[in-house]
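Enquirer:
Protein chains: 2
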Amino acid sequence: MDNLKLENQLCFPLYVVSKEIVKKYTPYLNEVGITYTQYITMMVLWDKKEINVKDLGDILFLDSGTLTPLLKKLEEKGFITRNRSLIDERNLLIKITDSGLKLKDKCKNIPECVAKCINLDEKDAGELYTILYKLINCLKED
Amino acid sequence: MDNLKLENQLCFPLYVVSKEIVKKYTPYLNEVGITYTQYITMMVLWDKKEINVKDLGDILFLDSGTLTPLLKKLEEKGFITRNRSLIDERNLLIKITDSGLKLKDKCKNIPECVAKCINLDEKDAGELYTILYKLINCLKED
DNA sequence: TATAATTAAATTGTACACAATCTAATTTAG
DNA sequence: CTAAATTAGATTGTGTACAATTTAATTATA
Numbered sequence: 007m008d009n010l011k012l013e014n015q016l017c018f019p020l021y022v023v024s025k026e027i028v029k030k031y032t033p034y035l036n037e038v039g040i041t042y043t044q045y046i047t048m049m050v051l052w053d054k055k056e057i058n059v060k061d062l063g064d065i066l067f068l069d070s071g072t073l074t075p076l077l078k079k080l081e082e083k084g085f086i087t088r089n090r091s092l093i094d095e096r097n098l099l100i101k102i103t104d105s106g107l108k109l110k111d112k113c114k115n116i117p118e119c120v121a122k123c124i125n126l127d128e129k130d131a132g133e134l135y136t137i138l139y140k141l142i143n144c145l146k147e148d
Numbered sequence: 007m008d009n010l011k012l013e014n015q016l017c018f019p020l021y022v023v024s025k026e027i028v029k030k031y032t033p034y035l036n037e038v039g040i041t042y043t044q045y046i047t048m049m050v051l052w053d054k055k056e057i058n059v060k061d062l063g064d065i066l067f068l069d070s071g072t073l074t075p076l077l078k079k080l081e082e083k084g085f086i087t088r089n090r091s092l093i094d095e096r097n098l099l100i101k102i103t104d105s106g107l108k109l110k111d112k113c114k115n116i117p118e119c120v121a122k123c124i125n126l127d128e129k130d131a132g133e134l135y136t137i138l139y140k141l142i143n144c145l146k147e148d
């Protein structure tokens, strides 16, 4: 068995499916004026309201090189504010604005819309979810 | 159930696992002087020896905006040649060179090295593979 | 307590990734 | 046959993604 054949890789279909599903979000996210990465960032903020860049990066698996410009864009759009912590000025505190909170309502149908054009039964979706989080947890260790 | 919570998404863990596993390849690929996208491109060429940009893009799920600069880099490194087809000059024929063929041997241990640091049992790997290709086939339809 | 080590973001540079547009070659249809 | 439509790549512009480095603030230690 040739382990350098594309069909024998596990990473390649992961890479493809990840990209293609993100692409399915694009038309819906365009309507509300954000990108996929900005969308998952807003998800954290819809949940937590306030967080610093480091903790946000730990949750999203992104570093400051990605987050700094992205957060500046979300600030420009008025969805968040960026301010140094008074307790520890190394920390940049990201806070959701009213406009950012309202954005959640505009996004409420997106997961359903994307799910519709994906055609994955309950069982497979559950298995996929379980395996992916198993992997994430083992990748987090090192 | 809040369908706009990060933990309730299927796309997010896909996106994370895809990125993190690609990152596992990086140190090994650095040793042979290519990137992950260049690596999967070479996989197609190790298999097919010659292909045009369109067909390559169909296999890799990448468009000419990504492939054109990437193929120029692989050409600079001496792993491929790029020449217009004489039959139909719209087609750019990508051919693997001797150096490109030799690269395969240098890469032969990479899949094993990456697999080692991933810790996924046979059963889960099989299930994951099956579900991902099920998804790819349904995504290809539209 | 001054200095070293650590930490959090920002910055720099390289490489995708893709939508949209453009150009040139080939096909198709009237 | 010839103009219109299609096709293949290239280009442009925006937005990640990340390694490596830098800067500034804080903490630890000799």
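Quick mapping for you: the protein sequence lines, in order, are chains A and B. The letter at position 5 of the first sequence is residue 11 when you use our numbering, and the numbering goes up by one with no holes. The letter at position 104 of the second sequence is residue 110 when you use our numbering, and the numbering goes up by one with no holes. By construction, the Cβ of each residue, glycine as well, lies at the ideal position given by its N, Cα and C atoms. Everything numeric in this text was worked out from a predicted model, so none of it was measured.
Can you pull the chain B residues whose beta carbon is under 7 Å from the beta carbon of A:E37, in chain order?
Expert: Here the premise fails: no neighbours, minimum Cβ distance about 15 Å.
Enquirer: Does the segment 54-62 of chain B touch the segment 96-113 of chain B, meaning 3 or more C-beta pairs lie closer than 8 Å?
Expert: yes
Enquirer: At what residues does the beta strand (DSSP E) containing B:L10 begin and finish?
Expert: Looking at the DSSP string, B:L10 is not in any beta strand (DSSP E), and its letter there is neither H nor E.
Enquirer: Consult DSSP for B:E56 and reduce its assignment to one of helix, strand or coil.
Expert: strand
Enquirer: Can you list, in chain order, the residues of its chain with a C-beta nearer than 7 Å to that of B:E82? Leave out the 5 residues immediately preceding and following it.
Expert: none
Enquirer: On the criterion of 16 or more Cβ atoms from any shown chain inside 10 Å, does B:P19 qualify as buried, or is it exposed?
Expert: By the 16-neighbour rule on beta-carbons within 10 angstroms, B:P19 is buried.
Enquirer: Could you pull out every unbroken beta strand (DSSP E) segment of at least 3 residues lying fully inside the segment 71-114 of chain A, listed in chain order?
Expert: 86-90, 98-102
Enquirer: For the structure I just gave you, are there three or more beta carbon pairs, one from the segment 110-119 of chain A and one from the segment 7-27 of chain A, closer than 8 Å?
Expert: In short, these stretches do not touch, since the Cβ pair count stays below three.
Enquirer: Which chain B residues sit within Cβ distance under 8 Å of A:K140?
Expert: L126, D130
Enquirer: Should the segment 131-143 of chain A be regarded as contacting the segment 42-51 of chain A, the criterion being three or more beta carbon pairs within less than 8 Å?
Expert: no
Enquirer: Please work out which residues of its chain come closer than 8 Å, Cβ to Cβ, to A:G84, disregarding the five sequence neighbours upstream and downstream, and give them in chain order.
Expert: T103, S105, G106
Enquirer: Would you kindly check if the distance between the Cβ of B:C123 and the Cβ of B:K30 is under 7 Å?
Expert: yes
Enquirer: Within 7 Å of any Cβ in chain A, is that where the Cβ of B:E81 sits?
Expert: In terms of beta-carbon proximity, B:E81 stays away from the interface with chain A, with every pair separated by 7 Å or more.
Enquirer: Helix, strand or coil: how does DSSP classify B:G39 here?
Expert: coil
Enquirer: Would you mind giving the Cβ-Cβ distance between B:I27 and A:C17, rounded to the nearest angstrom? I have them listed as a contact below 8 Å.
Expert: 5 Å
Enquirer: Output yes if chain A places a C-beta closer than 7 Å to the C-beta of B:V23; else output no.
Expert: yes
Enquirer: Given this structure, state the Cα-to-Cα distance separating B:D130 from A:Q15, to the nearest angstrom.
Expert: 14 Å
Enquirer: Exposed or buried, which one is A:S24 when buried takes at least 16 other CB atoms within 10 Å?
Expert: buried
Enquirer: Alpha carbon to alpha carbon, how far is A:Y21 from B:R90?
Expert: Going from the Cα of A:Y21 to the Cα of B:R90 covers about 30 Å.
Enquirer: Using a C-beta cutoff of 7 Å, does A:I93 count as contacting chain B?
Expert: no
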